[in-house]
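The structure under discussion appears below in the form of structure tokens.
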Amino acid sequence: MASTARLEVRPIDTGMVLKDRTYLALKEAIASKNIYAEAEELRLDERQLCEDLGVSRTPVREALARLEQEGFVRTVPRRGVYVIRKTKAEIIEMITVWAALESMAA
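Sequential numbering from 25 applies to the sequence shown in this note's numbering.
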């Protein structure tokens with residue numbers, strides 16, 4: 025069974041819609057975490073995220089749903105939310121597509 029991952033998040037500040045601020049904070053935290061350091065998949069604890077961010081569960085759930093649509097996390101029913109790790113082939117494909125788009129834009 026996968027262990028629960030602790031993301032380095034800070035309480036969010038005011039200015040934007042709460043769900044958008046929550047989304048940005050979680051996306052930044054996931055992007056800055058070394059998800060390949062551990063052998064197990066990283067499971068996110070929704071309650072802990074709410075506590076760390078200082079928000080209720082609704083904006084966290086909305087942010088996690090958006091992150092799932094964008095391919096950052098995946099939800100396993102009755103198990104939790106896990107950070108998605110890309111394979112080497114997927115990473116190479118993303119870099120290749122990015123390079124092709126960059127060359128067309130230049």
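Quick reminder that beta carbons are idealized off the backbone N, C-alpha and C, glycines included. The structure presented is a predicted model; accordingly, all values stated were derived computationally and were not measured.
| Thr46 CB to nearest chain B CB: under 9 Å? | Absent from the structure is chain B; it holds one protein chain and no more.
| Tyr60, DSSP secondary structure in three states | Sequence index remark: in the sequence shown, residue 60 carries index 36 (1-based). The answer is coil: DSSP assigns Tyr60 none of H, G, I, E or B.
| query | Quick one, are the C-beta atoms of Thr46 and Pro83 less than 9 Å apart? | reply | Walking along the sequence shown from the start, residue 46 turns up at place 22. Walking along the sequence shown from the start, residue 83 turns up at place 59. Contact flag set, yes.
| task | Using only alpha-carbon positions, find the residue among Val33, Val107, Arg30 that is nearest to Glu94. | result | Stepping through the sequence shown from its first residue, residue 94 is reached at position 70. Taking Glu94 as reference, the option from Val33, Val107, Arg30 with the minimal CA-CA separation is Val107.
| query | If you draw a straight line from the C-alpha of Lys112 to the C-alpha of Leu125, how long is it? | reply | Within the sequence shown, numbered from 1, the residue matching residue 112 stands at position 88. Within the sequence shown, numbered from 1, the residue matching residue 125 stands at position 101. Lys112 and Leu125 have their alpha carbons spaced roughly 20 Å apart.
| Coarse secondary structure for Arg90, derived from DSSP in three states | The count along the sequence shown starts at 1 and reaches residue 90 at position 66. Helix at Arg90.
| task | Can you tell me which of Leu31, Asn58, Ala63, Tyr60 puts its alpha carbon nearest to the alpha carbon of Ala49? | result | The residue given as residue 49 occupies position 25 in the sequence shown. The option with the nearest alpha carbon to Ala49 is Leu31.
| message | Does Val97 come out as helix, strand or coil in the three-state DSSP assignment? | response | Here residue 97 refers to the residue found at position 73 when the sequence shown is read from its first residue. Secondary structure of Val97 (DSSP, three-state): strand.
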